[in-house]
Each structure stands twice: as structure tokens, then as C-alpha cells.
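Residue numbers (our numbering), protein chains in the order written: chain A, 34 to 140; chain B, 4 to 416.
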């Protein structure tokens with residue numbers, strides 16, 4: 034039985050987004066949808082331009098091993114936290130890294 | 004809760020908790036997150052949800068229309084919770100969502116039994132396409148075409164309340180300053196002009212004092228009650244982006260309040276009466292789930308910025324004649340229909356009301372008010388376009404041209 038044991042918090046440089054979305058497309062349990070894995074736009078001010086991307090979601094032990102061990106080099110520029118699945122500290126994670134989500138604003 | 008073979012103990016008979024069933028209203032979408040037979044960890048619907056913490060990649064539609072809600076990106080999948088507070092879907096408020104890919108354009112009534120309340124609200128699908136579930140913790144969601152009669156609305160609300168009760172849902176108090184958060188560590192602050200005697204209490208029985216603190220909740224979501232022995236000394240409240248939900252708080256006794264930041268939460272209910280908050284300079288309640296109308300702002304003569312965009316507000320844009328210091332008024336992406344009239348201040352240089360349901364008369368009246376204000380310097384942005392607003396009449400177009408000749412960036416349909 035698959036156990037969604039952990040919560041992954043991750044921040045990566047904007048420049049790493051295409052490569053890591055492609056990697057997740059290859060290793061993730063879903064198919065095409067994994068290309069949208071790292072989609073939350075971030076910056077220090079919460080305004081454009083996007084400097085980083087982020088994601089927070091549940092992962093299995095197998096996915097944790099892929100991220101932290103097997104593909105560690107691919108994620109070397111990323112900030113990664115792994116927590117028990119019931120923890121949701123996304124807001125604190127962003128604050129600790131001095132980043133804010135860029136919310137869509139219509140003008 | 005589930006038993007050892009993964010079946011819900013009460014089976015499908017649970018759905019008909021009263022003589023009424025949502026099927027009686029011919030819904031286009033009906034999701035029941037307490038029924039694990041309809042929930043799957045993958046978006047194709049092959050791996051069933053079985054345990055607390057499993058991700059949800061698909062929630063099957065019980066309406067019979069095949070409008071299944073799916074999420075094909077693993078990190079964006081919400082989680083199924085079965086932790087003693089009822090079986091429900093939990094969205095993490097960072098990137099989680101479930102979407103129905105092709106809901107026809109039109110007006111819908113949405114009924115939701117959530118962790119904190121039962122809600123019924125109107126959703127306007129402007130064009131056929133994706134319908135995303137709001138990031139609340141649902142037990143059950145029903146989407147019905149059109150609007151409901153008051154009788155059917157009452158039946159649906161009673162049904163949703165009954166479903167919440169069956170799940171053992173918490174009873175959200177409407178106490179002043181009781182807020183709920185779905186994150187484990189919540190930092191809530193207020194600033195005072197002199198000792199206001201700030202006190203707080205939390206759902207785990209802890210209490211404390213102070214005007215700025217970080218409360219680590221034992222198990223989110225949980226509640227925090229804030230109070231003060233002298234509320235009239237509180238000048239600033241900053242509770243933005245704290246994953247707060249429940250009813251919007253009454254702030255009528257905060258007579259010295261100058262700044263209120265409650266944006267980017269999931270607060271419900273109406274914007275409260277602000278007539279006592281005469282010192283208010285900035286009021287941010289945008290990006291919540293607020294309903295009802297924008298309150299009368301005629302007493303808020305010190306107001307400089309009022310942001311209420313991205314909610315579900317209805318009714319009129321209020322008369323702003325008394326708000327002579329106002330510079331920003333952002334009410335876009337609501338369901339506002341009218342403008343109460345009156346003048347606008349020459350200080351008001353950024354007015355955005357796009358993506359509402361404004362009538363031609365309302366659009367014309369707003370354009371005329373800005374022409375009359377005759378602002379020719381500084382920021383000059385007026386947006387009445389987007390989806391839903393009417394086009395201006397010939398008179399309105401003349402006013403638009405006048406404003407453009409004065410250096411305004413004006414957008415209309």
C-alpha cells in the first residue's frame with residue numbers, strides 16, 4: 034500500500050524550473066500533469082519578476098528517496114524541507130527563506 | 004472513518020440523511036469526501052483512497068453527470084483527512100486544487116459543507132471551462148445550475164448542516180476575534196497606542212497575553228480567540244496570509260484602528276459595519292471568500308486605501324463622496340452590480356472594478372464622477388472592463404475620452 038508519509042516543501046531558482054518539471058514528469062506517479070509540479074511563483078517582494086518557484090505537497094518514501102538521494106544533484110540548488118504529512122508550515126517556510134508568493138493581480 | 008476492508012461503515016445510505024437528497028435539485032456536480040468509494044489517489048481513478056493522509060487525485064461525481072474533480076499533478080493534490088473531525092478533503096493553501104475540466108457557462112448555486120460552516124453561494128461560470136474548488140476543507144459539495152428558490156435553498160442548507168453534524172464537525176463560534184487557522188504555527192499581531200491588555204486563548208486550552216505572538220497549534224486546524232481589555236487602544240491588526248477561516252470578525256469597538264490587514268485568508272461572512280472605525284486609513288480584506296455588500300464608508304473620512312477585490316461581494320459600490328483622502332479603491336473580481344452615486348475625490352487615482360456585473364448606468368455614473376473630479380496629475384488608472392461589466396453608453400464613451408485626454412488609463416468593455 035502506498036503511504037503518503039511526508040510533506041515536501043521546496044523552493045528552486047526560476048532557472049531550474051523547466052529541468053525539474055521535466056524530471057518530475059519522468060519520475061512522478063502521474064504523467065503529463067507532473068510538468069506543472071513547480072508552479073508557485075515567488076519573489077522577495079511578492080511582486081514580479083519571478084525569481085524562484087515553489088511547491089508543497091504530499092510525497093511517499095519512494096519519492097523522498099528520489100528527491101533527496103538519487104536525484105540529489107538535480108535538486109542541489111533547491112531548498113528542501115521534509116516534514117510529517119500532517120504538518121503544513123508552507124507560510125513559515127517561505128518566510129524563513131525571505132520569499133513571498135506572487136499573487137495574481139489584475140490591473 | 005473506514006473499517007478494515009475499506010468500506011464506509013454506513014455505506015451509501017448515509018447520503019440520504021433526511022427525506023431530502025441533493026439529487027432532488029438535479030445537480031451537475033456532487034462530491035462527497037466522506038465516501039471513500041468515490042475517492043482515488045490518482046487522477047485516472049484506479050487507486051482508491053484508504054487512509055488518513057492519502058492524496059486525492061480524483062473525486063468522482065455522484066450527480067451522474069460524470070463531472071469528476073481531478074488533479075493530475077502530484078504535488079498539487081489535496082489530502083484526505085480522517086482524523087476525528089470528520090472525513091474531508093484538506094487543501095494546503097499553497098498550490099492544492101481539484102478541478103472539473105468542463106463546466107458549461109452559466110450561473111450556479113454552490114452548496115458546501117465545510118469544516119467550519121455550511122455555505123451556499125452563487126458562482127458565475129463566464130465561459131465553459133475549468134471550475135476549481137475553493138480551498139476550503141469540504142465534507143461535501145453540491146453544484147446546481149441556476150439559482151434556488153428560498154425553499155430549496157433552506158432544504159439544501161439544512162441537508163449540509165446535517166451532513167456536518169453527522170461528521171462530528173466543530174461548531175465554529177461567532178465570538179468576537181475568534182479566528183480559525185489551518186496552519187500549525189500562526190503568528191497574529193496587533194499594535195496598540197497604549198497598553199490594551201491583549202489576551203489570547205487557543206483551542207488546546209492554552210492562554211497568554213501580548214500583542215504579537217506566534218501560537219503553535221497542537222494540531223491544525225484549530226482556533227485562537229483574541230481579546231483586549233481596552234480594544235479602543237488597538238491601532239493596527241495584521242493577520243494577512245494566516246490561513247484564517249470562519250466568520251469575518253466584528254471590529255466595531257476598535258475605534259482607534261488605523262490599519263487592518265486581513266487579506267489572503269479564507270474568511271467568510273460579510274465585511275462588518277465600519278462606521279465606528281473613523282480612524283481607519285487602510286482596510287485590506289481582499290482574496291477571502293466574503294459575501295454580502297460593501298458597507299457604508301461615509302464615516303471613514305481618513306480612508307486612503309480600500310482593497311476588497313477577489314471576494315464574492317454583491318450589491319453596489321458605495322457613495323465615496325466623504326472619502327476625500329482616498330487614493331486606491333480596488334473592488335475588482337466580485338459580483339457588484341451598481342454604483343450608489345456621489346462624487347469621488349481628486350485624490351482617487353486608482354479605481355479598479357473590472358470583472359464585476361456593473362450595469363451600463365453604473366459604468367456611466369462612475370466615468371462621470373471621475374470626469375467631475377478633474378484629476379490631471381499623479382496615478383490615474385480607472386478599470387471598468389473585464390468579464391461581466393456592461394459597456395458604457397455614448398455619453399460614457401465621451402467621458403472615457405475626456406479622461407484619456409487628461410492622462411488617465413481607462414479600460415471599459
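Glycine residues also receive a C-beta, built at the ideal position from the N, C-alpha and C atoms.
Beta strand (DSSP E) segment containing residue i, residue limits
i                      : result
residue 134 of chain B : 132 to 135
residue 143 of chain B : 141 to 148
residue 114 of chain A : 112 to 117
residue 100 of chain B : Per DSSP, residue 100 of chain B belongs to no beta strand (DSSP E) and is neither H nor E.
residue 46 of chain A  : 39 to 46
residue 116 of chain B : 109 to 117
residue 239 of chain B : 237 to 241
residue 285 of chain B : 285 to 287
residue 154 of chain B : Taken as a continuous stretch (DSSP letters only), residue 154 of chain B belongs to no beta strand (DSSP E), being part of the alpha helix (DSSP H) at 153 to 169.
residue 84 of chain B  : 82 to 85
residue 378 of chain B : Residue 378 of chain B -> no beta strand (DSSP E), and no H or E assigned at all.
residue 58 of chain B  : Looking at the DSSP string, residue 58 of chain B is not in any beta strand (DSSP E), and its letter there is neither H nor E.
residue 414 of chain B : 412 to 414
residue 386 of chain B : 384 to 386
residue 90 of chain B  : 90 to 93
residue 128 of chain B : 121 to 128
Rounded Cβ spacing between residue i and residue j (contact assumed at less than 8 Å)
i                      : j                      : result
residue 44 of chain B  : residue 35 of chain A  : 7 Å
residue 272 of chain B : residue 251 of chain B : 4 Å
residue 46 of chain A  : residue 130 of chain A : 12 Å between Cβ atoms; not a contact.
residue 360 of chain B : residue 124 of chain B : About 14 Å; that fails the 8 Å criterion.
residue 234 of chain B : residue 268 of chain B : Their Cβ separation, rounded to whole angstroms, is 21 Å, which puts residue 234 of chain B and residue 268 of chain B out of contact at 8 Å.
residue 151 of chain B : residue 112 of chain B : 5 Å
residue 37 of chain B  : residue 170 of chain B : 6 Å
residue 39 of chain A  : residue 116 of chain A : 7 Å
residue 306 of chain B : residue 326 of chain B : 5 Å
Residue i CB to nearest heavy atom of the ligand MG below 7 Å
i                      : result
residue 416 of chain B : In the structure shown, the ligand MG is absent, as is every other ligand, since no ligand is present at all.
Cβ-Cβ distance between residue i and residue j below 8 Å
i                      : j                      : result
residue 299 of chain B : residue 321 of chain B : yes
residue 82 of chain B  : residue 50 of chain B  : no
residue 425 of chain B : residue 374 of chain B : With chain B covering only 4 through 416, there is no way to say anything about residue 425 of chain B.
residue 159 of chain B : residue 114 of chain B : yes
residue 342 of chain B : residue 319 of chain B : yes
residue 53 of chain A  : residue 132 of chain A : no
residue 284 of chain B : residue 261 of chain B : yes
residue 44 of chain A  : residue 90 of chain A  : no
residue 136 of chain B : residue 105 of chain B : no
residue 376 of chain B : residue 351 of chain B : yes
residue 407 of chain B : residue 387 of chain B : no
residue 338 of chain B : residue 317 of chain B : yes
residue 79 of chain A  : residue 98 of chain B  : no
residue 62 of chain B  : residue 72 of chain B  : yes
residue 355 of chain B : residue 329 of chain B : no
residue 116 of chain B : residue 156 of chain B : no
residue 347 of chain B : residue 399 of chain B : no
residue 270 of chain B : residue 291 of chain B : yes
residue 121 of chain A : residue 37 of chain A  : no
residue 41 of chain A  : residue 103 of chain A : no
residue 66 of chain A  : residue 133 of chain B : no
residue 91 of chain B  : residue 57 of chain B  : no
residue 30 of chain B  : residue 103 of chain B : no
residue 96 of chain B  : residue 296 of chain B : no
residue 382 of chain B : residue 416 of chain B : no
Span of the alpha helix (DSSP H) around residue i
i                      : result
residue 259 of chain B : Note, residue 259 of chain B: premise wrong, no alpha helix (DSSP H); not H, not E.
residue 400 of chain B : 397 to 408
residue 57 of chain A  : 50 to 60
Got a sec: which bits of the region 277 to 309 of chain B sit with their beta carbon under 8 Å from any beta carbon on chain A, in order along the chain?
Hits within the stretch, in order: 290.
So if I threshold CB-CB distances at 8 Å, which residues from the region 100 to 127 of chain A count as touching chain B?
From the region 100 to 127 of chain A, only 118, 119, 120, 121, 122, 123, 124 and 125 have a Cβ closer than 8 Å to chain B.
Near-chain A residues of the region 44 to 77 of chain B - C-beta to any C-beta below 8 Å:
For the region 44 to 77 of chain B, which is checked against every Cβ of chain A, the residues closer than 8 Å are 44, 45, 46, 50, 53, 54, 56, 57, 58, 60, 74, 75, 76 and 77.
Cβ-based contacts, 9 Å cut-off: residues of the region 89 to 104 of chain B near chain A
Those would be 93, 95, 96, 97, 98 and 99, in chain order.
Contacting positions in the region 60 to 75 of chain A - beta carbon closer than 9 Å to chain B:
Cβ contacts with chain B come from 61, 62, 63, 64, 65, 66, 67, 68, 69, 70, 71, 72 and 73.
When Cβ atoms are compared, which residues of the region 35 to 51 of chain A fall closer than 9 Å to chain B?
Those would be 35, 36, 37, 38, 40, 41, 42 and 43, in chain order.
Which runs of the beta strand (DSSP E) spanning at least 3 residues fall entirely within the region 292 to 362 of chain B, listed in chain order?
With a minimum length of 3 residues, the unbroken runs of beta strand (DSSP E) contained wholly in the region 292 to 362 of chain B fall at 308 to 310, 317 to 320, 331 to 333, 338 to 342 and 353 to 355.
Give me the subset of the region 252 to 268 of chain B whose CB atoms are less than 8 Å from a CB atom of chain A, sorted by chain position.
Of all residues in the region 252 to 268 of chain B, 267 have a Cβ within less than 8 Å of some Cβ in chain A.
Give the residues from the region 81 to 98 of chain A that approach chain B closer than 7 Å (Cβ to any Cβ), ordered along the chain.
Hits within the stretch, in order: 88, 89, 90 and 91.
Every unbroken beta strand (DSSP E) inside the region 75 to 125 of chain A [3 residues or more]:
The beta strand (DSSP E) runs of length 3 or more contained entirely in the region 75 to 125 of chain A are, from start to end of the chain, 85 to 92 and 112 to 117.
To be precise: take each residue of the region 131 to 145 of chain B, compare its Cβ to all Cβ atoms of chain A, and keep it if any distance is under 8 Å. Which residues remain?
When CB distances to chain A are screened at a threshold of 8 Å, not a single residue of the region 131 to 145 of chain B falls below it.
Below 8 Å between beta carbons is the criterion; list the residues of the region 229 to 249 of chain B that meet it against any residue of chain A, in chain order.
Hits within the stretch, in order: 244, 245 and 246.
Select from the region 323 to 351 of chain B all residues with a C-beta closer than 8 Å to any C-beta belonging to chain A, and list them in chain order.
Listed by position, the residues of the region 323 to 351 of chain B near chain A (Cβ gap below 8 Å) are 335 and 336.
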